[in-house]
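Following: one structure in structure tokens, then a few remarks.
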Amino acid sequence: MDIELITNILYATIRTGTPLLLVALGEIICEKSGVLNLGQEGMMLLGAVAGFIAMYHSDSFLIGFGAAALTGVLISLAFAFIALHLNASQVAAGLALTILATGLSAFIGADYEGKTVTALPALTIDGLAAIPVIGKALFAQDAIVYLSWVLVILAYLFFKHHRAGLAVRAVGENPSVASNLGLPVMSIRYLAVMFGGALAGIAGAYLSLAYTPLWTENMTAGRGWIALALVVFASWRVERVMLGAYLFGFASIMHLVAQGLGLSVDGNLLAMMPYLATLAVLFILSRDPQKQRLFEPMSLAKPWHKGH
Amino acid sequence: MIRLEARVQHSTVWGYSSPLLAVLLTLLTGYILFAALGQSPSEALYTFFIAPIADWYGISELLVKTIPILLCAYGLALCFRASVWNIGAEGQLLMGGVAASAVATLFVHSDSIWAMPLTLLAGIAGGIGWAALAAFMKLRLNTNEILVTIMMNYIALNILLWAVHGPLKDPDGFNFPESALFGDSTLLPVLFADTRLHLGLVFCAIAMALSWLFISKSFLGFQTQVLGQDPSAAKMAGFNQTKLVTLVLLVCGALAGLAGAGEVAGPIGQLVPQISPGYGYAAIIVAFLGRLHPVGITLAGLLMGLIYMGGEMAQIELGLPNAITGIFQGLMLFFLLSCDVLIRYRVRFKRFDKSNSADNTSSSLAPQAQE
Numbered sequence: 476m477d478i479e480l481i482t483n484i485l486y487a488t489i490r491t492g493t494p495l496l497l498v499a500l501g502e503i504i505c506e507k508s509g510v511l512n513l514g515q516e517g518m519m520l521l522g523a524v525a526g527f528i529a530m531y532h533s534d535s536f537l538i539g540f541g542a543a544a545l546t547g548v549l550i551s552l553a554f555a556f557i558a559l560h561l562n563a564s565q566v567a568a569g570l571a572l573t574i575l576a577t578g579l580s581a582f583i584g585a586d587y588e589g590k591t592v593t594a595l596p597a598l599t600i601d602g603l604a605a606i607p608v609i610g611k612a613l614f615a616q617d618a619i620v621y622l623s624w625v626l627v628i629l630a631y632l633f634f635k636h637h638r639a640g641l642a643v644r645a646v647g648e649n650p651s652v653a654s655n656l657g658l659p660v661m662s663i664r665y666l667a668v669m670f671g672g673a674l675a676g677i678a679g680a681y682l683s684l685a686y687t688p689l690w691t692e693n694m695t696a697g698r699g700w701i702a703l704a705l706v707v708f709a710s711w712r713v714e715r716v717m718l719g720a721y722l723f724g725f726a727s728i729m730h731l732v733a734q735g736l737g738l739s740v741d742g743n744l745l746a747m748m749p750y751l752a753t754l755a756v757l758f759i760l761s762r763d764p765q766k767q768r769l770f771e772p773m774s775l776a777k778p779w780h781k782g783h
Numbered sequence: 002m003i004r005l006e007a008r009v010q011h012s013t014v015w016g017y018s019s020p021l022l023a024v025l026l027t028l029l030t031g032y033i034l035f036a037a038l039g040q041s042p043s044e045a046l047y048t049f050f051i052a053p054i055a056d057w058y059g060i061s062e063l064l065v066k067t068i069p070i071l072l073c074a075y076g077l078a079l080c081f082r083a084s085v086w087n088i089g090a091e092g093q094l095l096m097g098g099v100a101a102s103a104v105a106t107l108f109v110h111s112d113s114i115w116a117m118p119l120t121l122l123a124g125i126a127g128g129i130g131w132a133a134l135a136a137f138m139k140l141r142l143n144t145n146e147i148l149v150t151i152m153m154n155y156i157a158l159n160i161l162l163w164a165v166h167g168p169l170k171d172p173d174g175f176n177f178p179e180s181a182l183f184g185d186s187t188l189l190p191v192l193f194a195d196t197r198l199h200l201g202l203v204f205c206a207i208a209m210a211l212s213w214l215f216i217s218k219s220f221l222g223f224q225t226q227v228l229g230q231d232p233s234a235a236k237m238a239g240f241n242q243t244k245l246v247t248l249v250l251l252v253c254g255a256l257a258g259l260a261g262a263g264e265v266a267g268p269i270g271q272l273v274p275q276i277s278p279g280y281g282y283a284a285i286i287v288a289f290l291g292r293l294h295p296v297g298i299t300l301a302g303l304l305m306g307l308i309y310m311g312g313e314m315a316q317i318e319l320g321l322p323n324a325i326t327g328i329f330q331g332l333m334l335f336f337l338l339s340c341d342v343l344i345r346y347r348v349r350f351k352r353f354d355k356s357n358s359a360d361n362t363s364s365s366l367a368p369q370a371q372e
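Protein chains in written order, with our numbering: chain A, 476 to 783; chain B, 2 to 372.
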């Protein structure tokens, strides 16, 4: 393998991992508050189509990504209402969200199927981008990649050093105690779900506006589900989710690697790689259930109401 | 002012009524949706829900669509009763279709009486194999079955695509990604002349009867139920959890695999990339809507089949995207989960009282349960 290929693999790894990183980050914050939202795949799809349509008509990336984030927030509110207010099973409500949002995205996007927009341009930092091997991957990416790094740092600081982060964790560990301490459990959980929705929307739009600037039905191809596995992989820690997302980005671009090594493997078999990698990761992590439980928010997916 | 009050006992009446209310709300939303799309809502609803089954052929087609959904849903209901979140019926169906096709293509020019039974058995084996992997990962490797089964759905789809582009591709097929047309000896017999209604309907009836017997008459079914509702009680009673979880997953896999085999050896007659428009996912909704009971599931499955047909009809007659099917499916599950709140809570309408309005407004606006 030559240097140029390695440079390109690193660059593509980060781009491929970025949507996963964004969704998983949103889901971590959601799960830290004790809410399991299995609707990430659907919210990503809606974000992808809403962002695409907004961009198609406005030609503004700000409007495109803004529309995607807003769509993610709005649809996540529907989930929050039935899961938090009506006390439905969070698992069932999340599945319902994905089924509804997948249908909605295909319906709204039917007229835009296969159309294209200009891709989100790279913000190259001259000089640094010229560093061999890593320069292109780190300093020639687009704004959303940089945004994802900023968000990881902010989320890290939020949970480690900020009162609000502590409040989210308290609500996720024991909502009754948190409530007795005067924390607004419901509001915190609503905000966490909405934040997850916004990030899933942006992640979807990253696919339709930057990664492959076009809309096709079901274009997320399970990335929302993979992100849910990533949260387990990262054991609910933001710094580890970054590592996981890029590992998966790497697994998804195996065809580039195979090409570089001169291998010819069937495309459909290579397309399985990210899913097989997810399964492998799940095995490895689940071998020690005790350790797993140590990091999982105690009240995750458990319905709660004031006065219990 | 509306507020929710927890019931002492779950309401049986709402257990039955909430699916009906969910369907009504879905129809109402459909009415509004069609109006918003500039269609005449009543005409559109007629096109969607009545026109497809206006004649005998339409009804037979409805049954053809419903067969795979029901086969998957009966199996899923067993899993959900045991609190095993199997989302993998879709993948099990696809693997059943692939395995059945692998056998069926061996019999293209044969008139052996074994062709059809072996094809079906291969389909069942394919579904069981795929479900067994999920069971192994859940029980031995302790992985979350939701994520595992969803990943396996995507893997199964890729295996199907690989098969139709590779080993099972018809060499005389002008390079189309599809298998050879199955021989007549492989195809499931049609039950009524001039329809596509096939033997799968009989399998469906048997599956319904057996799953009803299992749930309401067998000790194993009782154990499954206990395991689902209270795992620690099941453990105390000495029920074998591994055995029960494996059993429900394998039964579901077998039924879903049969559904896949029934599609390729039935109405489709060959392996193509699109053997399922998401039947395995639709079956999840059907299982819930049917209250995990075989009779309820059968009714819900017919409704789901109708939604699939209505979607196609709306595309042809009204020029609406076929994806409207997905919206109706999602809405129905959403409304069902919302209406189910009535099983556990009582809705109280409180008159706005001046004396305590100050401290009442904030709490009574939000329908919170006070237990």
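Note that the Cβ used here is the ideal one computed from N, Cα and C, for glycine as well.
{"Item": "C-beta contact flag for Leu94 (chain B) and Ser212 (chain B) at 7 Å", "Value": "no"}
{"Item": "Spatial distance of Lys355 (chain B) from Met661 (chain A) (CA atoms)", "Value": "Below a pLDDT of 50, predicted positions are generally treated as unreliable, and Lys355 (chain B), at 48, falls in that range; the measurement from the model is reported next regardless. Answer to the nearest angstrom: the Cα atoms are 27 Å apart."}
{"Item": "Contact set between Asn159 (chain B) and chain A, taken where Cβ atoms lie within less than 8 Å", "Value": "Asn743, Leu744, Ala746, Met747 and Tyr750"}
{"Item": "Three-way DSSP call (helix, strand, coil) for Thr187 (chain B) in this model", "Value": "coil"}
{"Item": "Positions along the region 161–189 of chain B whose CB lies within less than 7 Å of some CB in chain A", "Value": "Leu162, Trp163, His166 and Gly167"}
{"Item": "Boundaries (first-last residue) of the beta strand (DSSP E) holding Val109 (chain B)", "Value": "That residue, Val109 (chain B), is in no beta strand (DSSP E); it is neither H nor E in DSSP."}
{"Item": "Boundaries of the alpha helix (DSSP H) in which Val85 (chain B) is found, first to last residue", "Value": "That residue, Val85 (chain B), is in no alpha helix (DSSP H); it is neither H nor E in DSSP."}
{"Item": "Span of the beta strand (DSSP E), counted from its first residue to its last, around Arg197 (chain B)", "Value": "Segment: none, Arg197 (chain B) is in no beta strand (DSSP E) and carries neither H nor E."}
{"Item": "contact_flag[the region 680–687 of chain A, the region 23–30 of chain B] where n(CB pairs < 8 Å) is 3 or more", "Value": "no"}
{"Item": "Touching by the beta-carbon criterion (3+ pairs, under 8 Å), the region 741–755 of chain A and the region 649–664 of chain A", "Value": "no"}
{"Item": "Proximity test, Cβ basis, 7 Å: Ile156 (chain B) and chain A", "Value": "yes"}
{"Item": "Beta carbon proximity, Ala257 (chain B) to chain A, threshold 7 Å", "Value": "no"}
{"Item": "Supposed close pair Cys73 (chain B), Leu256 (chain B) - CB separation, criterion 8 Å", "Value": "7 Å"}
{"Item": "Per-residue burial, Ala135 (chain B) [other beta carbons within 10 Å of its own, 16 or more giving buried]", "Value": "buried"}
{"Item": "Beta-bridge partners of Arg4 (chain B), as assigned by DSSP", "Value": "B:Arg349"}
{"Item": "Beta carbon of Arg349 (chain B) nearer than 7 Å to that of Arg4 (chain B)", "Value": "yes"}
{"Item": "Secondary structure of Leu169 (chain B), DSSP reduced to three states", "Value": "coil"}
{"Item": "Local conformation of Ala597 (chain A) per DSSP, three classes", "Value": "strand"}
{"Item": "Any C-beta of chain B under 7 Å from that of Trp690 (chain A)", "Value": "no"}
{"Item": "Cβ-based burial, Tyr721 (chain A) [other Cβ within 10 Å; buried from 16]", "Value": "buried"}
{"Item": "Residues in the region 302–325 of chain B having any Cβ partner in chain A nearer than 9 Å", "Value": "Leu321, Pro322, Asn323, Ala324 and Ile325"}
{"Item": "Through-space distance from Lys244 (chain B) to Lys777 (chain A), alpha-carbon basis", "Value": "27 Å"}
{"Item": "Sub-7 Å separation of Ala568 (chain A) and Ile557 (chain A) beta-carbons", "Value": "yes"}
{"Item": "Val608 (chain A): CB within 6 Å of a non-hydrogen atom of the ligand GTP", "Value": "This structure lacks the ligand GTP, and indeed carries no ligand of any kind."}
{"Item": "Three-state secondary structure assigned by DSSP to Asp617 (chain A)", "Value": "strand"}
{"Item": "Cα-Cα separation, Thr225 (chain B) to His166 (chain B)", "Value": "41 Å"}
{"Item": "Reduced DSSP secondary structure (H/G/I, E/B, other) of Thr591 (chain A)", "Value": "strand"}
{"Item": "Neighbour list for Gly297 (chain B) in chain A, Cβ cutoff strictly below 7 Å", "Value": "The contacting residues do not exist; Gly297 (chain B) stays about 16 Å from chain A at best."}
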